[in-house]
Amino acid sequence: MFKLIMSFLFKAVLLAGIFIAHIWVNNVLPYPFEHINLIFAFLFIYLLTDENAQALWYALILGLFLELFVSASFGVTMLSLYFCILSTSWLLTYFLTNRSFYIVTLAAAISMFIYRIYFLGLNSIFNFFFKRNFLYTSRTAADYAYEMALTALFVMLVYLLLSRIIKKLNPKYLGKYE
Amino acid sequence: MRKSNWQKTTILIGGIILFLVFFNYLGWFDFGKKVLRQLFVPFIRQSGDFSVKIKDDYEFFQNREQFFNAYRAAQLSLQKKDENEAKLKLLEEENSELKKQLGFKDKTHYNVVLTKVIGNNLEGTEKTIIIDRGENEGIKVGDPAVVDEGVLVGKVIKTEKDISIIRLLSDNQSKVASTIINREKSLGVVEGGYGLSVKMNFIPRNEVVQIGDLVVTSGLEEDTPRGLLIGKVAAIENEAYQPFQQAILTPSADYNRFVYISIILTQ
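Take a look at the structure:
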């Protein structure tokens, strides 16, 4: 029971910490580094070793926190994250199964791209029903491209660091966890 | 085993999300959202203050000459502003007299709500801010947001009962109908998405635009009154093969430093 409570508290603090770190990255870093999506990076790296679909729970909670501070209609960010995590999990299981750092980087970039596709699609649908305008311009695309590139690079750096520390992330030990 | 775990969790979480979305639009979660926002707003404020502080520290002078040049430029600018203020006062008096004579009604009585900025958009690719007033104060989507004495900084794009979200002019989806205070009163559209500056596009090529010209709202949009200051022309792009010229503007407000913003309530 005590272990369960401690585990729950640890996860709550971890999620709050990730969200607060995302706030700081978004507000403090200069352009274009403010586009680094820390929440997505955390979920992607967690997904690399997730056996029990916990990444989906984390996506739900972090998506809910994000919904409080975004201009898109309620539900767009949560659903985009949800579908993105499902698609990424499928991608990592059946296509990009290699865990070398360059494949992880590529997978992160593709996953971020998928997230934005879902986001734009859901935003368009919600805006159609709630009669809001969403102007997608070349500059929006440039911002999304920055986000994709910088987040993928950030994931690569974190992965390179963590794979030295955590055995589960190190490709050398992968066979032992099959 | 792994696959069934994923399947069960996918269905469960999908159901929870649909539940949250559906009942949010019925207003069931307003109190919960307010409480959660209050938990994170101090962190947003701290990070915003820290961000402004470190950006202040970027502005240092590399040598004595640079410092004195900046000082002299500031003195000249102040002198020009005093001269312009005097001219403006004279023009205001003349204008007032003319309006009385022609029987125009004074349309510049704005109904204004003063609000405080409580956060920024965390979505990462949008330049929007969150304020602490919403539908309860009569704010609606499309209302202009101003600072100082009529400097337009953005428009309301989303409202809830107690908060609203404003899209700043520097956002890449922002577009405002505007006019340049020049001889031709050139019309154009001010767009964001260029980092710290904004651009005015679709200015007719044959009209003369000079560096330093002021740009204000044209009043051609339904909810945006005429005459709200946007910025000053800093550079002009006029290519021979283009049908329109563009002006890069220096905004009259610093989009990173808002604490209080006024919303003009429009009918």
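Protein sequence lines correspond, in order, to chains Y and F. Just so we're aligned: the first sequence equals residues 1 to 178 in the working numbering. Just so we're aligned: the second sequence equals residues 1 to 267 in the working numbering. No residue lacks a Cβ here, since even glycine has one placed at the ideal position from N, Cα and C. Since we're looking at a predicted model, the values are computed, not measured.
heavy atom of the ligand MG below 6 Å from residue i C-beta
i: L29(Y); result: The ligand MG is not part of this structure, which contains no ligands at all.
Residue range of the beta strand (DSSP E) that includes residue i
i: R167(F); result: 164 to 168
i: S218(F); result: Note, S218(F): premise wrong, no beta strand (DSSP E); not H, not E.
i: A240(F); result: Careful: A240(F) lies outside any beta strand (DSSP E) and carries neither H nor E.
i: Y194(F); result: 187 to 194
i: I139(F); result: Per DSSP, I139(F) belongs to no beta strand (DSSP E) and is neither H nor E.
i: M200(F); result: 197 to 204
i: V151(F); result: 151 to 159
i: V158(Y); result: It is not in any beta strand (DSSP E) - V158(Y) instead sits in the alpha helix (DSSP H) that spans 138 to 165.
i: G119(F); result: 111 to 120
i: I130(F); result: 128 to 131
i: S262(F); result: 260 to 265
Distance CB(residue i)-CB(residue j) smaller than 7 Å
i: L122(F); j: L66(Y); result: yes
i: L152(F); j: L228(F); result: yes
i: I230(F); j: V215(F); result: yes
i: L47(Y); j: T88(Y); result: yes
i: I165(F); j: I118(F); result: no
i: V25(Y); j: S51(F); result: no
i: N123(Y); j: A55(Y); result: no
i: L220(F); j: A177(F); result: yes
i: A234(F); j: T217(F); result: no
i: I23(Y); j: S186(F); result: no
i: N172(F); j: G193(F); result: yes
i: I17(F); j: M78(Y); result: yes
i: Y146(Y); j: R116(Y); result: no
i: A109(Y); j: I85(Y); result: no
i: V147(F); j: I261(F); result: yes
i: Y162(F); j: G134(F); result: Here residue 162(F) turns out to be Asp, not Tyr, going by the sequence shown. In this structure, G134(F) lies closer than 7 Å to D162(F) by Cβ.
i: A150(Y); j: I36(Y); result: Reading off the sequence shown, one finds Leu at residue 150(Y), where the question assumed Ala. Their beta carbons are under 7 Å apart, which means L150(Y) touches I36(Y) by this criterion.
i: E266(F); j: D223(F); result: The amino acid occupying residue 266(F) in the given sequence is Thr; Glu does not appear at that position. Contact: yes.
i: G75(Y); j: V21(F); result: yes
i: M148(Y); j: F113(Y); result: yes
i: I181(F); j: D213(F); result: yes
Burial state of residue i (16 or more Cβ within 10 Å)
i: L168(F); result: buried
i: W6(F); result: buried
i: I125(Y); result: exposed
i: S4(F); result: exposed
i: A253(F); result: buried
i: Y177(Y); result: Annotation note: pLDDT 46 at Y177(Y) (below 50); position unreliable, coordinate value reported separately. The residue in question, Y177(Y), is exposed, as its Cβ has fewer than 16 Cβ neighbours within 10 Å.
i: P30(Y); result: exposed
i: S100(Y); result: exposed
i: A141(Y); result: exposed
i: M200(F); result: buried
i: G27(F); result: exposed
i: L38(Y); result: buried
i: K105(F); result: Note that K105(F) scores 38 on pLDDT, short of 50, meaning its location in the model is unreliable and no value can be drawn from it.
i: A152(Y); result: buried
i: I45(Y); result: buried
i: V70(Y); result: buried
i: P144(F); result: buried
i: E126(F); result: buried
i: G268(F); result: Outside the displayed span of chain F (1 to 267) sits residue 268(F), for which this structure offers no information.
i: K155(F); result: buried
i: L50(Y); result: Note that residue 50(Y) is Asp in the sequence shown here, rather than Leu. Its Cβ being crowded by 16 or more others within 10 Å, D50(Y) is buried.
i: E237(F); result: exposed
i: G103(F); result: Reliability fails at G103(F), whose pLDDT of 44 lies under 50, so the model's placement of it is uncertain and the value that follows must be treated cautiously. By the 10 Å Cβ count, G103(F) comes out exposed.
Bounding residues of the alpha helix (DSSP H) (the contiguous stretch that carries residue i)
i: L249(F); result: No alpha helix (DSSP H) holds L249(F); the beta strand (DSSP E) holding it covers 244 to 251.
i: N182(F); result: Neither: N182(F) is in no alpha helix (DSSP H) and is coded neither H nor E.
i: M112(Y); result: 101 to 130
i: Y94(Y); result: 76 to 94
I'd like the ranges of any alpha helix (DSSP H) spanning at least 4 consecutive residues and lying wholly in the stretch 14 to 70 of chain Y.
38 to 47, 54 to 67
With 7 Å as the limit, tell me which residues of the stretch 142 to 171 of chain Y have their beta carbon closer than that to any beta carbon of chain F; keep them in chain order.
D143, Y144, E147
Which of the residues in the stretch 149 to 180 of chain F, read from start to end, lie with their CB under 8 Å from any CB of chain Y?
I157, K158, I165, R167, N172, Q173, K175
Uninterrupted alpha helix (DSSP H) stretches inside the stretch 15 to 79 of chain F (no shorter than 4 residues):
30 to 58
Within 9 Å of chain Y by C-beta, residues of the stretch 229 to 242 of chain F in sequence order:
none
May I ask you to list, following chain order, the residues of the stretch 114 to 138 of chain F that have a beta carbon less than 9 Å from some beta carbon of chain Y?
G119, N120, N121, L122, E123, G124, T125, E126, T128, I130
Between the stretch 79 to 95 of chain Y and chain F, which residues of the former have CB atoms less than 8 Å from a CB of the latter, in chain order?
L79, Y82, L86, S89
Got a sec: which bits of the stretch 106 to 118 of chain Y sit with their beta carbon under 7 Å from any beta carbon on chain F, in order along the chain?
none
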